[in-house]
Amino acid sequence: MTDSSIPTPPDPFFTVGARLDNGLGRTGTIHTPHGDIRTPAFVPVGTKATVKAVLPETMAELGSQALLANAYHLYLQPGSDIVDEAGGLGKFMNWPGPTFTDSGGFQVMSLGAGFKKVIAMESVGVQNDDVIAKGKERLAHVDDDGVTFKSHLDGSRHRFTPEVSMRIQHELGADIMFAFDELTTLMNTRGYQERSLERTQAWAVRCIAEHEKLTAERAHRPYQALFGVVQGAQYEDLRRQACRGLESIVGETGRGFDGYGIGGALEKHNLGTIVRWCTEELPEHKPRHLLGISEPDDIFVAVEHGVDTFDCVNPSRVARNAAIYHPDGRFNINTSRHRRDFTPIDENCDCYTCRNYTRAYIHHLFKAKEMLASTLCTIHNERFTVRLVDDIRANMENGTLAEFKAETLGRFYASRRQA
């Protein structure tokens, strides 16, 4: 019997809208305590409770429906207990809308192996279960109970288990959080992928149990949805096995995961195929989140194959290096041809940057090493990505996605094909 004082998810948590003819892609709405998310939706990443260089109010103005923060980084600094004391992630960062937190598993393993933020989307090279970035010390070690790692900030030792990850994420207070999983790479052997999948499945069971315990203990907070994470790398049988395994997990309340994240390293040329394996197995009435994509071609592929939400650091990260998204392709604004260009980045863009500043001014800011350069370019890149996904959703609802895709990608990648 369920205690009526224990927070429960909105009913329904997710509703499906228009469907594509392939039976996989769909629009929908995720209902959270801090507002609805119309899907498909791009979720900008605010790793340390901030989208770097941009005000939370500005992220709302440019159309962001939700933001994602990182449990690993916020655990190390300032500490999830401080965020909890502040009233949760949204109040801490002055963001009124829905929030996501990832489990910390990706950062523990990618930073622990020296890869920083990027793990390759191609399986090139010899398979190796002790893969590590060149010239780096391994900072993370996995066992069946959890992960022991050294902080990339000061070298101090820490321990993440499913229970620890759940406690951290409950203290952070996001509307949607993810089960603790082991990140593998495309370089790992098939045998290791199989063992890792068993480990992630066992951790998922523990996450559900701890999630229910903490939900009951923290009845003063709104319900936080928990997503299971699908691993399995580039292997169809492992991906499908992972989906079925996660779907079978239920806790004492009789509920399972509220949604699912599709994680792990993905081969770019097989992105649609791998996503399709997962969405064919996952339940129709629950949302699916793809972790870590934002390039226009990848977005179309993901949405067509049934992904509802996705996040990526790329729009803000490349902006800080002067790379700009434009309908005619990505370009660097700090090159000499923009020095005397007094037009906006994109005359048809409605973002704050394009309404008020010229390419010449932004070029000057980068050359002068002014921080405002990062702010203005991040605003534009995030707006470009958010608006692209908004337009995809509108075209899905209107039945015109194929035409919109052909026009958008044909224009964006035209220069690449001509090169």
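Position one of the sequence shown corresponds to residue 19 (our numbering), numbered consecutively onward. By construction, the Cβ of each residue, glycine as well, lies at the ideal position given by its N, Cα and C atoms.
query: So, PRO116 versus GLY46, is the Cβ gap smaller than 8 Å?
result: no
- request: Would you mind listing the alpha helix (DSSP H) stretches within the segment 95 to 119 that are 4+ residues and don't spill past its ends, in chain order?
  value: 98 to 103, 107 to 111
query: Is VAL247 helix, strand or coil when you go by DSSP?
result: strand
query: Span of the beta strand (DSSP E) holding ASN88?
result: 85 to 88
query: Since CYS330 is in the beta strand (DSSP E), which residue starts that stretch and which ends it?
result: 327 to 330
Rounded straight-line distance, which links the Cα of ILE186 to that of GLY417: 42 Å
message: Beta-carbon within less than 6 Å of TRP295's beta-carbon, same chain only, minus the 5 sequence neighbours each way: which residues are those?
response: GLU254, ARG257, ARG258
query: From THR353 to ARG273, what does the alpha carbon distance come to, in whole angstroms?
result: 55 Å
- request: Compute the beta-carbon to beta-carbon distance between GLY281 and ASP199, rounded to the nearest angstrom, for a pair I have assumed lies under 8 Å.
  value: 6 Å
query: What separation, rounded to the nearest whole angstrom, lies between the Cα atoms of LEU309 and ASP315?
result: 15 Å
task: Look at ALA222 and ILE292 and say whether their C-beta atoms are less than 8 Å apart.
output: no
- request: Output the distance between the C-alpha atoms of CYS372 and ARG338, rounded to the nearest integer angstrom.
  value: 17 Å
query: Heavy atom of the ligand SAH less than 7 Å from the Cβ of ARG56, yes or no?
result: Absent from the structure shown: the ligand SAH. Ligands present: none.
query: Does the Cβ-Cβ distance between THR403 and VAL61 come in under 8 Å?
result: no
Start and end residues, alpha helix (DSSP H) containing LEU38: From DSSP, LEU38 is part of no alpha helix (DSSP H); its letter is neither H nor E.
VAL144 (DSSP reduced to helix, strand or coil): Because the pLDDT of VAL144 is 47, which lies under 50, any placement of that residue in the model is unreliable, and the question is left without a value.
- prompt: Do you know how far the Cα of SER23 is from the Cα of GLU212?
  reply: 41 Å
- prompt: Tell me which same chain residues have a C-beta within less than 7 Å of the C-beta of ASP163, skipping the five on either side of it?
  reply: THR179
Option in GLU299, ASN332, GLU298, LEU394 with minimal Cα separation from SER312: ASN332
Three-state class that DSSP yields for ASN416 in the structure shown: helix
query: Going by other Cβ atoms of all chains shown within 10 Å of its Cβ, with 16 needed for buried, is PRO301 buried or exposed?
result: exposed
- request: Count the CB pairs spanning the segment 383 to 394 and the segment 409 to 423 that are closer than 8 Å, and state whether there are at least three.
  value: no
- prompt: Smallest Cα separation from ASP99: which of ALA158, HIS188, LEU390, ALA87?
  reply: HIS188
- request: Closer than 6 Å by C-beta to SER183: which residues in its own chain qualify, once you throw out the five before and the five after it? Chain order, please.
  value: SER121, GLY122, PHE198
- request: Put HIS307 into one of helix, strand or coil per three-state DSSP.
  value: strand
- prompt: Which residue spans inside the segment 311 to 376 form an unbroken beta strand (DSSP E) run of at least 3?
  reply: 327 to 330
- request: Pick helix, strand or coil for ALA158, following the three-state DSSP scheme.
  value: strand
Touch test, the segment 66 to 74 against the segment 105 to 113, Cβ-Cβ under 8 Å, three pairs minimum: yes
task: Look up PRO74 in the DSSP assignment and say whether it is helix, strand or coil.
output: helix
query: Since ALA227 contacts PRO25 with CB under 8 Å, what's their CB separation in whole angstroms?
result: Actually they are not in contact, since the Cβ atoms of ALA227 and PRO25 sit about 17 Å apart, beyond 8 Å.
field: First through last residue of the beta strand (DSSP E) which encompasses TYR278
entry: 277 to 280
- prompt: Buried or exposed: where does THR207 fall if 16 or more other Cβ atoms within 10 Å of its Cβ makes it buried?
  reply: exposed
query: Can you tell me the Cα-Cα spacing of VAL142 and GLY250, whole angstroms?
result: Confidence at VAL142 is low in this model, with a pLDDT of 49, below 50, so its placement is unreliable and the value that follows should be read with caution. The alpha-carbon atoms of VAL142 and GLY250 are separated by roughly 17 Å.
- prompt: Around the Cβ of ARG306, are there at least 16 other Cβ atoms within 10 angstroms (buried) or fewer (exposed)?
  reply: buried
- prompt: Taking the runs of the alpha helix (DSSP H) that are 4 residues or longer, which of them lie wholly in the segment 205 to 274?
  reply: 208 to 235, 254 to 266
query: Where does GLY81 sit, in a helix, a strand or coil, going by DSSP?
result: coil
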